[in-house]
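A.B. asks:
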Amino acid sequence: MTVLLGPSGSGKSTFLNIVGGLDQATSGTVFFKDTELTSCNERQLTRYRRDHVGFVFQFYNLIPSLTAWENVALVTEVAKSPMRVDDALALVGLENRMTHFPAELSGGEQQRVAIARAIVKRPEVLLCDEPTGALDSKTGIVVLEALSKINEDLGTTTAIITHNAGIQQIAHRVISFLDGRISNIHENSSRIKPAEVVW
Amino acid sequence: MISVLDKKLLRDLRHLWAQALAIALVMACGAATIILAVGSYRSLEETRGAFYDRYRFGSVFASAVRAPTHLKSRIEAISGISGVELRIVEPVLLDVVGMKEPASGLAISIPDHRDAKVNRLYLRKGRLPEPNRGTEVAVIETFAKAHGFVPGDHFSAIINGKKQELDIVGLVLSPEHIYSIGPGDMVPDPKRFGVFFMSENALSGLFNMENSFNDLSATTMRNAGIKQIMGDIDDLLKPYGGVGAYDREDQISNAFLDAELEQLRAMASVIPPIFLFVSAFLVNMILSRLITLEREQVGLLKALGYGNIAIGGHYAKLVIVIAIVGLVFGSGAGFWLGRGLTRLFANFYSFPFLLFKQSLDLYALAAGVTITASLTGAVKSIWAIVVLPPAVAMRPKAPTRYKSFFAGRFNPTRFFSQLTTMAFRHIFRRPIRFAMTTFGTSLSVALLVAALFSYDSIDHMIDTIFFQIDRQDATLTFVDDRGQRALLNVVALPGVIKAEPFRTTSVKLRNEHFEVQMSIVGLPKESDLSRILDHNLAPLDPPRKGLVISERVAEKLRLRPGDMVDVELTKLNGRIARLPITGIAQSYVGLTAYMSLDAFNRMMRDGQWISGVRIKIDDHKLDKLYKAVKETPIISSIALQNISRDKFRETIEQNITTMTSVYVALAVIITFGVVYNSARIQLSERARELASLRVFGFTRAEVSRVLMIELAAIVLLAQPLGWSLGYMFAWSVVQGFESDLYRIPLIINTDTFAWSSIIVMIAAVLSALIVRRRVDRLDLIQVLKTRE
Numbered sequence: 005m006t007v008l009l010g011p012s013g014s015g016k017s018t019f020l021n022i023v024g025g026l027d028q029a030t031s032g033t034v035f036f037k038d039t040e041l042t043s044c045n046e047r048q049l050t051r052y053r054r055d056h057v058g059f060v061f062q063f064y065n066l067i068p069s070l071t072a073w074e075n076v077a078l079v080t081e082v083a084k085s086p087m088r089v090d091d092a093l094a095l096v097g098l099e100n101r102m103t104h105f106p107a108e109l110s111g112g113e114q115q116r117v118a119i120a121r122a123i124v125k126r127p128e129v130l131l132c133d134e135p136t137g138a139l140d141s142k143t144g145i146v147v148l149e150a151l152s153k154i155n156e157d158l159g160t161t162t163a164i165i166t167h168n169a170g171i172q173q174i175a176h177r178v179i180s181f182l183d184g185r186i187s188n189i190h191e192n193s194s195r196i197k198p199a200e201v202v203w
Numbered sequence: 020m021i022s023v024l025d026k027k028l029l030r031d032l033r034h035l036w037a038q039a040l041a042i043a044l045v046m047a048c049g050a051a052t053i054i055l056a057v058g059s060y061r062s063l064e065e066t067r068g069a070f071y072d073r074y075r076f077g078s079v080f081a082s083a084v085r086a087p088t089h090l091k092s093r094i095e096a097i098s099g100i101s102g103v104e105l106r107i108v109e110p111v112l113l114d115v116v117g118m119k120e121p122a123s124g125l126a127i128s129i130p131d132h133r134d135a136k137v138n139r140l141y142l143r144k145g146r147l148p149e150p151n152r153g154t155e156v157a158v159i160e161t162f163a164k165a166h167g168f169v170p171g172d173h174f175s176a177i178i179n180g181k182k183q184e185l186d187i188v189g190l191v192l193s194p195e196h197i198y199s200i201g202p203g204d205m206v207p208d209p210k211r212f213g214v215f216f217m218s219e220n221a222l223s224g225l226f227n228m229e230n231s232f233n234d235l236s237a238t239t240m241r242n243a244g245i246k247q248i249m250g251d252i253d254d255l256l257k258p259y260g261g262v263g264a265y266d267r268e269d270q271i272s273n274a275f276l277d278a279e280l281e282q283l284r285a286m287a288s289v290i291p292p293i294f295l296f297v298s299a300f301l302v303n304m305i306l307s308r309l310i311t312l313e314r315e316q317v318g319l320l321k322a323l324g325y326g327n328i329a330i331g332g333h334y335a336k337l338v339i340v341i342a343i344v345g346l347v348f349g350s351g352a353g354f355w356l357g358r359g360l361t362r363l364f365a366n367f368y369s370f371p372f373l374l375f376k377q378s379l380d381l382y383a384l385a386a387g388v389t390i391t392a393s394l395t396g397a398v399k400s401i402w403a404i405v406v407l408p409p410a411v412a413m414r415p416k417a418p419t420r421y422k423s424f425f426a427g428r429f430n431p432t433r434f435f436s437q438l439t440t441m442a443f444r445h446i447f448r449r450p451i452r453f454a455m456t457t458f459g460t461s462l463s464v465a466l467l468v469a470a471l472f473s474y475d476s477i478d479h480m481i482d483t484i485f486f487q488i489d490r491q492d493a494t495l496t497f498v499d500d501r502g503q504r505a506l507l508n509v510v511a512l513p514g515v516i517k518a519e520p521f522r523t524t525s526v527k528l529r530n531e532h533f534e535v536q537m538s539i540v541g542l543p544k545e546s547d548l549s550r551i552l553d554h555n556l557a558p559l560d561p562p563r564k565g566l567v568i569s570e571r572v573a574e575k576l577r578l579r580p581g582d583m584v585d586v587e588l589t590k591l592n593g594r595i596a597r598l599p600i601t602g603i604a605q606s607y608v609g610l611t612a613y614m615s616l617d618a619f620n621r622m623m624r625d626g627q628w629i630s631g632v633r634i635k636i637d638d639h640k641l642d643k644l645y646k647a648v649k650e651t652p653i654i655s656s657i658a659l660q661n662i663s664r665d666k667f668r669e670t671i672e673q674n675i676t677t678m679t680s681v682y683v684a685l686a687v688i689i690t691f692g693v694v695y696n697s698a699r700i701q702l703s704e705r706a707r708e709l710a711s712l713r714v715f716g717f718t719r720a721e722v723s724r725v726l727m728i729e730l731a732a733i734v735l736l737a738q739p740l741g742w743s744l745g746y747m748f749a750w751s752v753v754q755g756f757e758s759d760l761y762r763i764p765l766i767i768n769t770d771t772f773a774w775s776s777i778i779v780m781i782a783a784v785l786s787a788l789i790v791r792r793r794v795d796r797l798d799l800i801q802v803l804k805t806r807e
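Quick look at the structure:
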């Protein structure tokens, strides 16, 4: 689990977008395993996102016309070897809210649905852009716990963008950005539990 | 200086240009059809009115076999009559150099040494014939034009058995013959039918009608009792074979113009409302979306102190600008189409002049109606934003709430994919908008069905009239009723393969207080060339006792088979015969009744007579036959079935093709307006979720599917609805056409429905594809950064 830290405009999101195959780099190269993402066309990038990447966003981006269960199932329709939808929702503790529409869920619940949707396809990479940015501390912790659990249970490489410096202590590695460059990388020798994060 | 809000307005318009244009085009159709229909109606009506007034078109008409001119003072004395003209009107055969087939003509007398009191002639070229110059004629302009005649040219006519050379001295127009059709024809053919006018003295000499007349036209005073006048005239003419007076409503030329005006009136009241309704709906759709998107801006403007009038006015202006663009297009198109239609009219109707009449109030009417319709569409959205308190407006709208189908008891994802479920839930969330969009699209299908069905109906009509009912090649009519010898004379003509006689006379059919003036046709027992068909098109024998009447006559007189009807034999001093109705016949033209020739002659009690003969011709001997007919004195007219049919088909098809192209354009515009706007609104509402789908790895095609499913549902559901509406439109068109002159059967073939749907679907697919390109350009990153 990696946390990407840095002030607004430092390039965290651009980095995440390029790594996630949502944007093209103007220079340099990016590899995913043996695939050079920077030379992929639109179709290949769509394929890459579909098969390998899970996304979690600040504003959840759930489909309002689908229930929690259906939002997760949406991804299983195009994934190669997805887990069961019910299992994904159980991983984030939402087994009892499956038939609710997004408008019927709290912010934290919506974000957990988004996490379940991101991991149901067993992605190799999970990219989270300010996953707790729109949440209060209590709900934010629940969401971080879900992300940690997935990282531990499934071993998914997880990158979390945040403004909140307190979150860095739950990560294995912290990469700091400044003015479009990586200013520092360090490994946490000891990690804390999400519940211990000071908001 | 332009205000800041107006700057915003211009930028909004630039941003919305494609949607605004689509709506403006629908509005343009509404405005154009108002200008076209109302403008053409006025042009035709006012031109006709002015022509009638200035040239003293009669209000009452009558004809007789031969009546003495001394009746004139008694006719003039009838209360309410302001002017009377007694005339000689005779059908003749014409022989025009360069034309193989004989043409039919109508010779009409004009008074000597004075102007006519009724039905004056408009002199286009040359002069009127001099009294006593037996060969001078003024011909109706259309006939002259068709043959390239100018004053000084000549043609021949067989007048009372003698070939007579006639000298053209003038070209004229007559208010009685604005629309003129020859015997057996269904549309004007000025080459084969010509009306000409001769000095009364000359014509009475040629027809041995000295001191007699056989035709009467009278003008009446304002508010005169026309029915009473007609009754009085009938009483006076009864002893002289008077066939019953009639008013303008039954005067052929006037009746055709009435039918045309009625169609324009129907067009003006049906077509524009369709477009105005659709444009009001589209305005409602895009404005409510725009206001939803700008809700927070409106809250801010309110917080800054802008009043409700300023804000409401801002959005109203947006709509009015769109309406004005529509009006400009619509006015241009309306004027262009109106001028085109008026020119088309000028081919059929002979007026001294006929211009497309435009006046400021016509455009004001179109503007008023269009702007009102668009504001009606806008009022709900504007009101909603006006009443919203600024603090509430500045907060984003509560998130969209969706419901499960059937309160959760039905799980659609068991049957459909998540993408399909998304599309259906969106439909169910806004059922009214979905229904209105479907209804709007169905109107274009309906317009097409209503335009294209005429091909089917006319085809059926041509087949029935020319191949099932009247199967002869030509109908020869004698100068007056003749004995059986005349039949033998016709059989002896070159090229005649088969000949069947008929007798006809004018009658009044009466049932209780219902009365119809028409003619009865007597047909031989095994009549094969001319047949009587029932409504299943199965042949009926000419009844030996009783009468088969056409559907229209049955309706007018409320008669059913088995009922008795009074037949007043107008040429026989009004003697009345009482006959049973034995059957109802299918007929699309005129008012008809049939009986067997023997029964007819028994009813007339005057011997074995025939009025003419229907013949089948050997095509190789046509020229010889024509030549012989021209030299046969007893034949007063010849109706050539093939030429009539071809002319009818050609004329009608030309008209229908013009009309259909206009309707296809209108339908495509509606479809484009509705489908394009609907797709754009959907895209605007769902850009975020569609972009999210792209981020999760769904391809462009998969994402577009969500949008296309809803559009497809709209377009598919619009088809059956459009067919039903189209059937209703077609039915009302048929009802509108129904008159004593002709009726159009309501026949809609399956391929008409299919074509209507294909055209609308192609237009829908193209509109959707334009929006599809926008799905490809969705900004994936931007959409993830923003809260809806």
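Order-wise, the sequence lines are chains A and B.
The first sequence maps to residues 5 to 203 in this note's numbering.
The second sequence maps to residues 20 to 807 in this note's numbering.
All C-beta atoms, glycine included, are put in the ideal place defined by N, C-alpha and C.
Fair warning: this is a prediction, and the values are worked out from it, not measured in the lab.
Applying the criterion that 16 or more other CB atoms from any shown protein chain within 10 Å of the CB defines a buried residue, is B:Gln38 buried or exposed?
C.D. replies: B:Gln38 should be labelled buried.
A.B. asks: Could you tell me the distance, in whole angstroms, from the CA atom of B:Ala397 to the CA atom of B:Met286?
C.D. replies: When rounded, the distance between both Cα atoms is 26 Å.
A.B. asks: Looking at the unbroken beta strand (DSSP E) that takes in A:Tyr64, where does it start and where does it end?
C.D. replies: Unbroken run through A:Tyr64: none, as it is neither H nor E.
A.B. asks: Answer yes or no: do B:Val694 and B:Ala604 have a C-beta to C-beta separation smaller than 8 Å?
C.D. replies: The answer is no: Cβ separation not under 8 Å.
A.B. asks: Quick one, are the C-beta atoms of B:Ser128 and B:Ile107 less than 8 Å apart?
C.D. replies: Yes, the pair counts as a contact, with Cβ atoms nearer than the cut-off.
A.B. asks: Check B:His89 in the structure and name its three-state DSSP category.
C.D. replies: Three-state result, B:His89: helix.
A.B. asks: Flag A:Glu200 as yes if its beta-carbon sits less than 8 Å from any beta-carbon of chain B, otherwise no.
C.D. replies: Answer no: the Cβ-Cβ gap between A:Glu200 and chain B never drops below 8 Å.
A.B. asks: From B:Pro562 to B:Arg501, what distance separates their C-alpha atoms?
C.D. replies: So the alpha carbons of these two residues sit roughly 22 Å apart.
A.B. asks: Round the Cβ separation of B:Gly203 and B:Thr494 to the nearest angstrom and send it over; I've been treating them as touching at under 8 Å.
C.D. replies: Indeed, because the Cβ distance is near 6 Å, the residues count as touching under 8 Å.
A.B. asks: Check whether the stretch 449-456 of chain B and the stretch 508-523 of chain B are in contact - that is, three or more C-beta pairs closer than 8 Å.
C.D. replies: No contact exists between the stretch 449-456 of chain B and the stretch 508-523 of chain B.
A.B. asks: Short of 8 Å in beta carbon distance, which residues of its chain neighbour A:Ile164, apart from the five on each side in sequence? Order them along the chain.
C.D. replies: Only Met5, Thr6, Val7, Leu8, Cys132, Pro135, Leu151, Ile171 and Ala175 meet the Cβ criterion.
A.B. asks: Using 8 Å for Cβ pairs, my map puts B:Gln536 next to B:Tyr265. What's the rounded Cβ distance?
C.D. replies: B:Gln536 to B:Tyr265, Cβ: 6 Å. Contact.
A.B. asks: For B:Leu24, tell me which candidate among B:Leu140, B:His333 and B:Val406 has the shortest Cα-Cα distance.
C.D. replies: Of the candidates B:Leu140, B:His333 and B:Val406, the one whose C-alpha sits nearest the C-alpha of B:Leu24 is B:His333.
A.B. asks: Buried or exposed for B:His810, please, with buried defined as at least 16 other CB atoms from any protein chain shown within 10 angstroms of its CB.
C.D. replies: The structure shown does not extend to residue 810 of chain B, since chain B spans only 20 to 807, so no value can be given for it.
A.B. asks: Can you name, in chain order, every residue of its own chain whose Cβ lies under 7 Å from the Cβ of B:Met622, other than the five neighbours on each side?
C.D. replies: Counting only Cβ-Cβ distances below 7 Å, and skipping sequence neighbours, we find Ala596.
A.B. asks: May I have the straight-line CA-CA distance separating B:Val103 from B:Asn227, to the nearest angstrom?
C.D. replies: Going by the C-alpha atoms only, they are around 22 Å apart.
A.B. asks: Just how far apart, CA to CA, sit A:Arg51 and B:Glu313?
C.D. replies: Rounded to the nearest angstrom, the two C-alpha atoms are 36 Å apart.
A.B. asks: Closer than 8 Å, CB to CB, is A:Glu81 near chain B or not?
C.D. replies: Closer than 8 Å to some Cβ of chain B, the Cβ of A:Glu81 qualifies, so yes.
A.B. asks: List the endpoints of the continuous alpha helix (DSSP H) containing B:Tyr325.
C.D. replies: Unbroken run through B:Tyr325: none, as it is neither H nor E.
A.B. asks: Just to confirm before moving on: does the CB-CB distance between B:Ile42 and B:Val111 stay below 8 Å?
C.D. replies: No, these two residues do not count as a Cβ contact at 8 Å.
A.B. asks: Count the CB pairs spanning the stretch 554-568 of chain B and the stretch 606-613 of chain B that are closer than 8 Å, and state whether there are at least three.
C.D. replies: Short answer: they touch.
A.B. asks: Using a 10 Å radius around the Cβ and a threshold of 16 neighbouring Cβ atoms, would you call B:Val297 buried or exposed?
C.D. replies: Burial call: buried.
A.B. asks: Counting pairs of Cβ atoms below 8 Å between the stretch 245-254 of chain B and the stretch 175-190 of chain B, do you hit three or more?
C.D. replies: Too few Cβ pairs lie closer than 8 Å, so no.
A.B. asks: So A:Val124 packs on A:Val96, CB below 8 Å; how close in whole Å?
C.D. replies: Contact doesn't hold; Cβ gap of about 10 Å is too wide.
A.B. asks: Out of A:Gln173, A:Ala29, A:Asp55 and A:Val201, point me to the one whose CA is closest to A:Asp140's CA.
C.D. replies: Of the candidates A:Gln173, A:Ala29, A:Asp55 and A:Val201, the one whose C-alpha sits nearest the C-alpha of A:Asp140 is A:Val201.
A.B. asks: Along the beta strand (DSSP E) that carries B:Val535, what are the first and last residues, could you check?
C.D. replies: Looking at the DSSP string, the run of the beta strand (DSSP E) that includes B:Val535 is Phe533 to Leu542.
A.B. asks: Who are the near neighbours of B:Gly153 in its chain, counting only those whose CB is closer than 6 Å to its CB and skipping five residues on each side?
C.D. replies: Only Ala221 meet the Cβ criterion.
A.B. asks: Name the DSSP bridge partner or partners of A:His190?
C.D. replies: According to DSSP, which records beta bridges pairwise, A:His190 is partnered with A:Val178.
A.B. asks: When you compare only the Cα positions, how much space is there between B:Leu809 and B:Leu744?
C.D. replies: Residue 809 of chain B is absent from the model: chain B starts at 20 and stops at 807.
A.B. asks: Kindly indicate if chain A contains any beta-carbon less than 8 Å away from that of B:Gln701.
C.D. replies: B:Gln701 does not count as touching chain A.
A.B. asks: Got a sec, what are the start and stop residues for the alpha helix (DSSP H) B:Arg61 sits in?
C.D. replies: That run of the alpha helix (DSSP H) goes Trp36 to Arg73.
A.B. asks: Could you tell me which whole beta strand (DSSP E) segments of length 3 or greater appear in the stretch 151-177 of chain B?
C.D. replies: As far as the stretch 151-177 of chain B is concerned, its whole beta strand (DSSP E) runs of at least 3 residues are 155-159.
A.B. asks: Does the beta carbon of B:Tyr421 sit closer than 8 Å to a beta carbon anywhere in chain A?
C.D. replies: By this cut-off, B:Tyr421 is an interface position.
A.B. asks: Whole angstroms are fine: how far does the CA of B:Ile662 sit from the CA of B:Ile636?
C.D. replies: Cα to Cα, B:Ile636 sits roughly 13 Å from B:Ile662.
A.B. asks: Short of 6 Å in beta carbon distance, which residues of its chain neighbour B:Arg633, apart from the five on each side in sequence? Order them along the chain.
C.D. replies: These residues qualify, in order along the chain: Gln491, Thr494, Glu519, Leu548 and Ser549.
A.B. asks: Do you know whose CA, among B:Lys119, B:Lys649, B:Pro371 and B:Lys26, lies nearest B:Leu63's CA?
C.D. replies: Ranking the options by Cα distance to B:Leu63, first place goes to B:Pro371.
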